[in-house]
Amino acid sequence: MDAYLIPAVDGVAYGLLLFVVAAGLTLAFGVGDVLNLAHGSLFAFGAYAAAKISDGTWLSLALAVLVGTAAASAGGAVLSVMLVPIAGRGHLAQALLTFGIALVVGDRLVALFGKDDLPVVIPASLDRPVNLAGHSYPGYRLAFLGVATLIAIVLSVVVTKTRAGSLVRATVDDRDMVATLGVNPMTVRTGVLAVAGGLAGLAGALGAPIIGPGPKTADLVLMLSLVVVVLGGLGSIGGALVAAIAVGEIQTVGVTAAPALAPFALFGAMAIALAARARGLLPSGRSA
């Protein structure tokens, strides 16, 4: 069991990273009814910002997080505007449009930053290994675990305990009723997509030392985030958190214990969840 301690902790950190990304994706679907296949590109904004701006000082790291989050948030808002002409055409049209946007953005990122994965320089105080139950563990990952946990708590409190969260949940349940209260549901959707994009950019900037920026980063993050959203229930924040931790553990402990079977376990779990929901054995989600 001692041999699996570090992979298990790594799985929690990896899972929380996926949760921050997937939380935005599930909010976009749960509130805006938007299937956003460009979400991984918004993560890449933050990751590339960290690679280019962070130079080993705390100030540069904070600036990278700010720039990456703001750029991705703006991208989410722009995406909401671009989706207006196809409103009401269903998820297939959304998937085609956002996938096309992802391809264009991915091509532009490669043109700007090159075809190689980029290193990310972090402050020296975070770049030291720490002792964890007699094992050496990267200090940055342990710090990220704490920050990501705080983000998850804040997000949960905002969604469930604040007026803004109540408005978001009300929009999920009854958009027409929200409109009668003088609030434009489209404005709520745009705000949610901007926040969802910001979460992806924040995860990209903070998680860049874990999932480094490169040509395949956006696709990898999108794929894993979709798995989390499907396993957790479409639109469910709590379900996304549980699913993200499970995916993180499969990606770390599973690879350590059975490297040949881990990829099959991940997509096998998703297939089982889909089959169970089709038979009404699991809740379908759609609640922020």
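Residue numbers are given in numbering that gives the first Met the number 0: position 260 of the sequence shown equals residue 259, and the series is strictly consecutive. In this text, a Cβ means the ideal position worked out from N, Cα and C, and glycines have one as well.
Counterpart residues of residue i in DSSP-defined beta bridges
| i | result |
| --- | --- |
| Y3 | Looking at the DSSP assignment, Y3 forms no beta bridge with any residue, so it has no partner. |
| Y136 | V129 |
| V120 | D54 |
Euclidean distance between Cα positions of residue i and residue j
| i | j | result |
| --- | --- | --- |
| G288 | T189 | Nothing in the structure corresponds to residue 288, since the chain is present only between 0 and 287. |
| V158 | S53 | 31 Å |
| A46 | P212 | 5 Å |
| V191 | A163 | 10 Å |
| S79 | A169 | 19 Å |
| A69 | V77 | 12 Å |
| T251 | A193 | 31 Å |
| F266 | V104 | 27 Å |
| L16 | L198 | 10 Å |
| A287 | A274 | Its pLDDT being 49, under 50, A287 is placed unreliably in this model, and the coordinates cannot settle the point. |
| P118 | K51 | 9 Å |
| P214 | F98 | 15 Å |
| T255 | M222 | 21 Å |
| A272 | G55 | 43 Å |
| G238 | I152 | 14 Å |
| R127 | Y3 | 21 Å |
| A243 | F18 | 5 Å |
| V291 | D116 | Nothing about residue 291 can be read from this structure; the chain reaches only from 0 to 287. |
| V120 | G113 | 18 Å |
| D175 | L166 | 12 Å |
| G75 | T186 | 13 Å |
| A71 | L154 | 17 Å |
| L240 | V227 | 8 Å |
| G87 | A245 | 34 Å |
Residues near residue i by beta carbon distance below 7 Å, same chain, minus five either side
| i | result |
| --- | --- |
| V220 | V20, G39, F42, I210 |
| A268 | L230 |
| A217 | G39, S40, F42, A43, A101, G105 |
| A264 | I249, G253 |
| L108 | A43, Y47 |
| I150 | V19 |
| V129 | Y136, G138, L141 |
Nonlocal neighbours in the same chain, by C-beta distance under 8 Å from residue i, ignoring five residues either side
| i | result |
| --- | --- |
| I85 | A92, Q93, L96 |
| A12 | R140, L141, F143, L144, A147, I209, G247 |
Cutoff 6 Å; reference residue i; Cβ partners in own chain excluding five residues on either side
| i | result |
| --- | --- |
| A101 | L36, A37, S40 |
| L111 | none |
| W57 | P122 |
| G67 | F44, G45, A48, G200, G203, A204 |
| R278 | none |
| V83 | none |
Short CB-CB distance (under 9 Å) between residue i and chain C
| i | result |
| --- | --- |
| V194 | In the displayed structure, chain C is absent; only one protein chain is listed. |
Cβ pair count under 8 Å reaching 3, the region 20-30 against the region 92-105: With contact defined as three or more Cβ pairs closer than 8 Å, the region 20-30 and the region 92-105 are not in contact.
Three CB pairs or more closer than 8 Å across the region 3-15 and the region 129-141: Note that the region 3-15 touches the region 129-141; at least 3 beta-carbon pairs, one per stretch, sit closer than 8 Å.
Three-pair Cβ contact test at 8 Å for the region 246-260 versus the region 52-70: No, the region 246-260 does not touch the region 52-70.
Unbroken stretches of the alpha helix (DSSP H), 4 residues or longer, contained in the region 155-207: Counting whole runs of 4 or more residues, the region 155-207 contains the alpha helix (DSSP H) stretches 162-172, 174-179, 184-206.
Whole alpha helix (DSSP H) elements within the region 18-77, 4-residue minimum: Segments of the alpha helix (DSSP H) lying fully in the region 18-77: 38-52.
Ordered list of alpha helix (DSSP H) runs contained in the region 216-256, each at least 4 residues: Segments of the alpha helix (DSSP H) lying fully in the region 216-256: 216-231, 236-248.
Sequence ranges, alpha helix (DSSP H) only - wholly within the region 73-112, length at least 4: You should have 90-112.
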